[in-house]
Amino acid sequence: MKYTCSTTARGAACFPGSSQITLVDGTFKPLSYIQIGDKVLVNKNNTYEPVISFIHAKHKGLFDFLSIQIQSAVSNLSSTLYVSANHLIFDFDSGEAKFAGKFHVSDQVQLIENNQIVPGKIISVQLTKQEGYYAPLTPSGTIVINGVLASNYATVGNHGLAHKVMSIYRWWIHLIGGSKWNEEIPCMLQIMLTIEQIIRWCSGQIFTNSDIYDGKFQVSSLA
Numbered sequence: 200m201k202y203t204c205s206t207t208a209r210g211a212a213c214f215p216g217s218s219q220i221t222l223v224d225g226t227f228k229p230l231s232y233i234q235i236g237d238k239v240l241v242n243k244n245n246t247y248e249p250v251i252s253f254i255h256a257k258h259k260g261l262f263d264f265l266s267i268q269i270q271s272a273v274s275n276l277s278s279t280l281y282v283s284a285n286h287l288i289f290d291f292d293s294g295e296a297k298f299a300g301k302f303h304v305s306d307q308v309q310l311i312e313n314n315q316i317v318p319g320k321i322i323s324v325q326l327t328k329q330e331g332y333y334a335p336l337t338p339s340g341t342i343v344i345n346g347v348l349a350s351n352y353a354t355v356g357n358h359g360l361a362h363k364v365m366s367i368y369r370w371w372i373h374l375i376g377g378s379k380w381n382e383e384i385p386c387m388l389q390i391m392l393t394i395e396q397i398i399r400w401c402s403g404q405i406f407t408n409s410d411i412y413d414g415k416f417q418v419s420s421l422a
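Okay, so the sequence shown: first residue is 200 according to the numbering used here, each after it adds one.
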């Protein structure tokens, strides 16, 4: 049985504090313990980058997440990714980033295994609650969460566009330093996103249904 649910971009939580991040020495650390400057795995081929800031984060409180159970197509490796429905993760078949809420059972995500990207088949999707939320930011705009390649970005369905817009913000935090304790998206970033939307609207590039998350997703069961 499938359940159709909805959420709002305002309620985005990205990843819970229990999410496992891979460090340079191959060990894992919960996202809640990651500090600015820690070098973390961001892609295949042992690609590590420092966390330069957190777009927003909150240590305490229970928040809604999708619980996506994933099985490697090439081994017995399995993983469970907790992610907000409007966050972008990478699809294996197309190579593009998609909203987590648009993935369904039997779809394949990009799983990092033995330093390579392999298909990870989705076994189930549940709605659950987890402690805290964190949205880490890296120079490349990607990060590996519980073995799954994910974008740093949410709400806007174009990873490349989001990364370009965020280049100004990355330059800004390079000057003033990043923060881990912004519970809300920083004011400067909100202004940048608003300006970007206005520019696109004025140039005739009005958002299509695939550009902005519509808040709808399906789960295979309710946790």
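For every residue, glycine included, the Cβ atom is placed at its ideal position computed from N, Cα and C.
Bridge partner(s) assigned by DSSP for residue i
i: Ile342; result: Ala349
i: Ile311; result: Ile316
i: Asp290; result: Val308
i: Val324; result: Ile267
i: Lys238; result: Pro249
i: Leu374; result: Leu374 pairs with nothing; no bridge assigned.
i: Val282; result: Leu265
8 angstroms Cβ cutoff met for residue i and residue j
i: Tyr247; j: Lys238; result: yes
i: Pro335; j: Leu230; result: yes
i: Val308; j: Ile344; result: no
i: Ser252; j: Ile372; result: yes
i: Tyr352; j: Ala361; result: yes
i: Ser425; j: Thr279; result: Residue 425 falls outside the range modelled here, since the chain spans only 200 to 422, and no answer is possible.
DSSP-derived helix/strand/coil call for residue i
i: Gly300; result: helix
i: Gly216; result: coil
i: Ser231; result: helix
i: Arg364; result: Looking at the sequence itself, residue 364 is Val, so the reference to Arg does not match. Helix, per DSSP.
i: Gly151; result: With the chain covering 200 to 422 only, the question about residue 151 has no answer from this structure.
i: Val418; result: strand
i: Gly331; result: strand
i: Leu276; result: coil
Own chain partners of residue i with C-beta closer than 7 angstroms, once the 5 adjacent residues on each side are dropped
i: Ser259; result: Rather than Ser, the amino acid found at residue 259 in this sequence is Lys. Around Lys259: Gly331.
i: Ala296; result: Leu287, Ile288, Phe289, Ser350, His358
i: Phe227; result: Gln219, Ile220, Thr221
i: Arg209; result: With a pLDDT of 47 at Arg209, under the threshold of 50, the modelled position of this residue cannot be trusted; read the value that follows with caution. The answer is none, since no qualifying residue turns up.
Close-in-space but distant-in-sequence residues of the same chain around residue i (CB under 6 angstroms, 5 per side omitted)
i: Val320; result: Note that residue 320 corresponds to Lys in the displayed sequence, not to Val. Within the same chain, Lys320 has close Cβ partners Gln270, Ala272, Gln307.
i: Gly300; result: Ala284, Phe416
i: Ile322; result: Gln268, Gln270
i: Asn318; result: Asn is not the amino acid found at residue 318; the sequence shown has Pro there. Excluding residues within five positions, the ones whose Cβ falls inside 6 angstroms are Ala272, Phe291, Gln307.
Beta-carbon separation (whole angstroms), residue i vs residue j, contact threshold 8 angstroms
i: Gly346; j: Ile311; result: 6 angstroms
i: Gln329; j: Pro215; result: 3 angstroms
i: Phe302; j: Tyr281; result: Incorrect: roughly 14 angstroms between the Cβ atoms, too far for contact.
i: Lys243; j: Gln315; result: 5 angstroms
Cβ shell of residue i (< 8 angstroms), same chain only, five flanking positions each side left out
i: Thr337; result: Val239, Val241, Glu248, Pro249, Val250, Ile251, Asn351
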